[in-house]
Each structure stands twice: as C-alpha cells, then as structure tokens.
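Protein chains in written order, with my numbering: chain R, 2 to 144; chain P, 2 to 540.
Here it is as structure tokens:
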C-alpha cells in the first residue's frame, strides 16, 4: 500500500517519442476515467507517438474496471499506431492479466495501418456469419 | 374650553376624574366620542374597555400604576385605538387616544407572512425528506388541509384509468383512494394534471364538483379551488382545496400562497415519482437477473447461491444459469460469470449474455465455438466492458459425473475430491466482449460419487475482511475451506462457502458473490430421472 490517500495519482514523463505514465494508487471503477483521460490527451497531443509506457510499480488494487480501461487504452494506442508497454507489473496485475487471457493481447506489437483497419472491420456490428468468417483470421493464439 | 391646553392637539384627549366623570375633552375627542360631554359618566359614553381601563388606575397615585391585565387598547367606531393615560396629582386622568388601526394591519400582515414563510420552509423540509410518492401526497394533502383550507385533495396523474387521490380533512388523517374517473370531466382538473400549458388555479362552482371530490362528512361546500402541482417539466398532479359553506372564501392572496405551496409539493412529488420509476426499472432488470433455483437434473446435483451486493451501485455483475439437456442423456450446461462494472449498465450486459448463451444452447457441445460467437455478439466500439465466465457441461455416466469445463478469462473452477484434495481445473481462455478473437482450452473432469466441482465469482475470493479488515479472502483460503467439504452434497458446499465469505466480510461492503456446485450424488439415487423433490437420498 502507498502512503498516498486512496485514489489515483499519475505522473507523466515525456520524451521525444515516448510517454511514460507512473500510476500510483488504486485503479478501480472510481478512478479509471482519470487514467483514460490522461492517455487520451497524450495521444491527441502527440500524433505519431511510438511508445506509451504505463508504469505499475506503485499500483494498489486493480479491479475489472481497471482492466477494462487498459483494454480501452490498448484500443486507442493501436488506432494511433503506438505500442503499449505495461511495465513493472506487480503480481496482482500479472495474475489478473493471466487469468483473463489479456497479457499477450495488451502487450503485442501494434498492427500496421492496414491491420488496424482490418481489426476495426472485424469489430463492426457482427452477425453469426461474419463471426465465423472472422475467427480463423485471428492474429494470435493463446492455446 | 378655556385653559385646556390640548384643545387643538391632533389626538383625541379625554380627561376624567377619579369618580369616573368626564371633565374635559378636546376637539378631536368630541369628533370621535360625541356623547362624552363634560359631566357625563365615562362608563355611559365610552366603550367598555376604556371605562375599565380608567377604573383600573389606582387612585390616588402620583404615577400611573394599573392592573396589568387590563388592555389599554380597543375598538372605537370600528377603528382600533391605544389609550395612553397621564395621571394628575388630584387623580384625574387625561386619556390620549392614538389610532393604531393601520399599524395593527401591517403587524397582522407581517405575522401572516412570517407564518406562511415558516409553513413553506416546514413544507419543504418535510416533503424533501421523503422520496416516497405516497408519503409526499399524504404530506401535501395534510399540510394543505391544516393551513390552507378545510379539506384538501392531492391528485396524481392517472395511471391507466385510475386516478390516485389522497384526501385529508382538517384535523384528520390522509386517506388514499383510487378513483375510476375521467379528470377531464371536472373543469380545470384535466388541464392541471396535464401540466402543459401551465394553467392558473381555477375556481370551481361547488355545485358542479363531482361527489368523489367531496370528503365524506364534509357538509355543504362553500368554495373549491384547483391548483396545479408543477413538477420537473411534467405535471406532478393537482391540489384541490375545499372550504365549508359559511367559512371565508379564498382571497387572491391565499390563492397565490396556495400556489407557492403547490410549487414545493409538486417538485417533491415529481422527484419522488422519478425516483420510483428509476427504482422500478432497476427492480425489473434485477428480477430478470435473479438466478434460478437449482435442483437435481438427470442424476447430477446442482446447487447455486447468489448474494447480491448490498450497495445499489455495485449490484448486477454476477450471474449463473443451468440449462438442462434437451435430450435425456446429453450434458446439461451450467454458465457462471461476472460482468465488468456495476449497476444498470452491467445488468443490461448480463441480460444480453444470458440471452445469447441461451440462444447458443444447440452448440453447447463446442464451448470454444459458443464463446467465440458470444464474443462477436458482444463486441462494440463504444466501450471495453467485458465479461468472464465458465461453461460447464455435466452429464451422468454410471455413478460418475463427467464435466467439461471451459474458463473464458474467469477464476478457475475448483474440484473437491473425495479424499479432501482440491484440484484446479486445467482450463484457460480469453475474456469475452473486447478482443477481436477469443480462444479457450477445455478441461474434462470426472467426478466420483461425493465429489464436486465448484464455480465461483471473484466476489468470493476478493471479499475484503478478516481479522484486520484489509485482506482478501483469497483463493488459498477458499481451497482450504473446500478441502473440508469433501463428501458434502452440493447445497451444503455452496452454503458453506457463502457463510465463510460472509464471516470473513464481517458486515463490510462487498461485490456480488455467486457460487455454483456440481456434484456426483454420493448415495443411491431413488428417483430415476429428473428428481425435483427434496429428500432424494436414502438415509
């Protein structure tokens, strides 16, 4: 636990083509918007950003809303062509990513522009038909 | 009158001696009290209150002292006067009469205004302390009956064909009724209940008032006024004020005041109505989400327990279902899951998942395919709300039960063996609803008689409590607890786990907690198939 009051505290350190955000405190349904807003404004301010590092050494509790916001951040970075790094993960975060089968997905290299748009068409309002068509083209496999 | 210094004074001055005879008066007094000539007996020519005041002066006295309870003010010729005595050494008293009629009127108006302000403040605080529509209507009718009229009716807009009405007589208690009437039959009521366009209060001819509007035992009606209760953009209802025949009619001022009161109670009633509607929506959704009662199906025991979060905003995340096989001898499908997020949005997503899974039942033999289709059905670009779940297909084979288990990003099912060993099911998979594509690995487990497979949500393992109140119940503690459950029937395991988690919480806040156990019955099974009844074991 940190000595900070409950809540989320962010420190953003940016260099030429890298942004690093240090996260201190709980990432839960009360605080997730803070992180998403910070990431969104960094991505908006720096088109062509190569790497976004989220630094988790000081994180407290992370719940399912916390994971949901990481998935949303990944969606935004992938669209911007930025690679997402989840650094200094404590055991509780690793466990969450492991059980939910999201570690590989969140930390994979960003797709190229073409792949990005293809990914988006796959996420377009689906029908059973497109779902079956889309499935074999999936890029990764966890099995 | 020579020598009388006050003959031209603007105030009436009347001088009387100790014997009660008028001695002198000035011009103003002559105009006010023409009969009070010098030499007349005071008691015969002035109002009684002034004569009494004169007698009460203690004589002789150098200074005026008097019996304190005798008023020094009263009516003369329909105006109100204050009498100020000045006592001479010989006992004669000069009474100065000061007209304070206007002063009195202003004071009265101020008192009324203060009373009304405090009444409105009281009305606001009572009304706003309740979010119950019925209570708001009761308070409105009762306060109006006590302060504005002889009786009052608070009427809410019709629900269907019935008009909710609360009637209150002055000094009585509010009575609720439902009137099967058309508000448009009463002039002004229909408009007031529609609320738009805003209508002023409306006088109603007492003769044309319908019978339901007149409270029982009220007697002849003198005046009726209908005032709309304005809500937040919609009409909250109408207030009907009734006065008895013979009591004062409503003044314009009173009507304005009634509208001030109506504005407050209207706001409270519409807030209460909105709250009631919101609660109803949540309740309807939650009712839909309530897990089914489980029982034995085709020789496999199922038990489930769901403890929703006491926090309204945290409820709605967990679900479980058991779908019996369409064909006897095929596996039944158990689903247990947890939707990310809480409250109404989570409840909606939960409903969507349960419905989709139900529709996919024909594919239940292929968990991977089922999850893949579910994932695609849930994908949306609007949010990254996800769900984690476990699919379990259980079928009786001889005395054993075979279970195929697939976790989609969910805490892994635990297997309680007959010897007290607790295994973790070897299954893995991605959560559903966010990733473009999901994969999962299915584990197959065989349960010998008395063995169980336990599915649970993280509300159990993440229950925060313990001796210091800050540690999670955790999977290790859950495994140890389950080791002690070897051989227990499914229902007992589920109850035991919920009990331990509750003890661990010790009354603290918690998320939804769901547990499902699938067991191979330990003892001989009496009814061959589908035994729904209790007491299905031999002793």
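Glycine residues also receive a C-beta, built at the ideal position from the N, C-alpha and C atoms.
No experiment lies behind these values; they were computed from the predicted model shown.
| Check | Outcome |
| --- | --- |
| Suppose you measure from the CA of residue 364 (chain P) to the CA of residue 514 (chain P); what does that come to, to the nearest Å? | 28 Å |
| On the CB-based measure, 16 or more other CB atoms within 10 Å of its CB, does residue 368 (chain P) come out buried or exposed? | buried |
| In angstroms with no decimal places, state the Cα-to-Cα distance between residue 251 (chain P) and residue 224 (chain P). | 7 Å |
| Would residue 20 (chain R) count as contacting chain P if we go by Cβ distances under 9 Å? | no |
| Counting only Cβ pairs nearer than 9 Å, list the residues of chain R close to residue 387 (chain P). | 65, 68, 69, 72, 101 and 103 |
| Quick check: what's the CA-CA separation for residue 196 (chain P) versus residue 261 (chain P)? | 16 Å |
| Please tell me whether residue 335 (chain P) and residue 413 (chain P) are closer than 9 Å, where the distance is taken between their beta carbons. | no |
| What are the start and end residues of each continuous alpha helix (DSSP H) run of 4 or more residues lying completely inside the region 54-81 of chain R, in chain order? | 65-81 |
| For the region 195-250 of chain P, which segments carrying the beta strand (DSSP E) assignment without a break, of at least 3 residues, lie completely within its bounds, in sequence order? | 203-205, 222-231 and 236-245 |
| Does residue 337 (chain P) get closer than 9 Å to chain R when you measure Cβ to Cβ? | no |
| Note the first and the last residue of the continuous beta strand (DSSP E) segment covering residue 81 (chain P). | 80-88 |
| Could you run through the region 74-89 of chain R and flag, in chain order, every residue whose CB is less than 7 Å away from some CB of chain P? | 76 |
| Which residue's Cα is closest to the Cα of residue 109 (chain R): R:100, R:87, R:29 and R:50? | R:87 |
| Do three or more CB pairs link the region 432-440 of chain P to the region 403-413 of chain P at distances below 8 Å? | yes |
| Could you please give me the residues that DSSP links to residue 401 (chain P) through a beta bridge? | P:398 |
| With a threshold of 16 other CB atoms inside 10 Å of the CB of residue 469 (chain P), please say whether the residue is buried or exposed. | exposed |
| At what residues does the beta strand (DSSP E) containing residue 180 (chain P) begin and finish? | 176-180 |
| In this structure, does DSSP put residue 25 (chain P) in helix, strand or coil? | strand |
| Taking the alpha-carbon positions, what's the residue 342 (chain P) to residue 161 (chain P) distance? | 36 Å |
| Measuring straight from C-alpha to C-alpha, what distance separates residue 272 (chain P) and residue 119 (chain P)? | 22 Å |
| Can you pull the DSSP bridge partners for residue 447 (chain P)? | P:403 |
| Hey, out of P:494, P:171 and P:166, whose CA is closest to residue 238 (chain P)'s CA? | P:166 |
| Quick check for students: name the residue ranges of the alpha helix (DSSP H) that lie wholly in the region 89-139 of chain P, counting only runs of 4 or more. | 102-129 |
| Just the Cα atoms here: how many angstroms apart are residue 90 (chain P) and residue 78 (chain P)? | 31 Å |
| DSSP beta-bridge partners for residue 165 (chain P)? | P:179 |
| Taking Cβ positions only, does residue 299 (chain P) come closer than 9 Å to chain R? | no |
| Using the beta-carbon of each residue, which ones in chain R are nearer than 7 Å to residue 436 (chain P)? | 106 |
| Does the beta carbon of residue 129 (chain R) sit closer than 9 Å to a beta carbon anywhere in chain P? | Because residue 129 (chain R) carries a pLDDT of 40, less than 50, the predicted location of this residue cannot be relied on, and the following value inherits that uncertainty. Output row for residue 129 (chain R): interface = yes. |
| Is the distance from the Cβ of residue 522 (chain P) to the Cβ of residue 304 (chain P) below 9 Å? | no |
| So which residues of chain R does residue 431 (chain P) contact, with C-beta pairs closer than 8 Å? | 101, 102, 103, 106 and 143 |
| Can you pull out the residues from the region 459-477 of chain P whose beta carbon lies closer than 7 Å to at least one beta carbon of chain R? | none |
| Beta-carbon within less than 6 Å of residue 498 (chain P)'s beta-carbon, same chain only, minus the 5 sequence neighbours each way: which residues are those? | 516 |
| Spell out whether any CB of chain R is found under 9 Å from the CB atom of residue 211 (chain P). | no |
| Looking at residue 292 (chain P): is its Cβ nearer than 9 Å to the Cβ of residue 258 (chain P)? | no |
| Spell out a yes or no on whether the region 19-32 of chain P and the region 107-123 of chain P are touching, meaning 3 or more CB-CB pairs, one atom from each, closer than 8 Å. | no |
| Any idea if residue 133 (chain P) is buried or exposed, counting beta-carbon neighbours within 10 angstroms, 16 or more meaning buried? | exposed |
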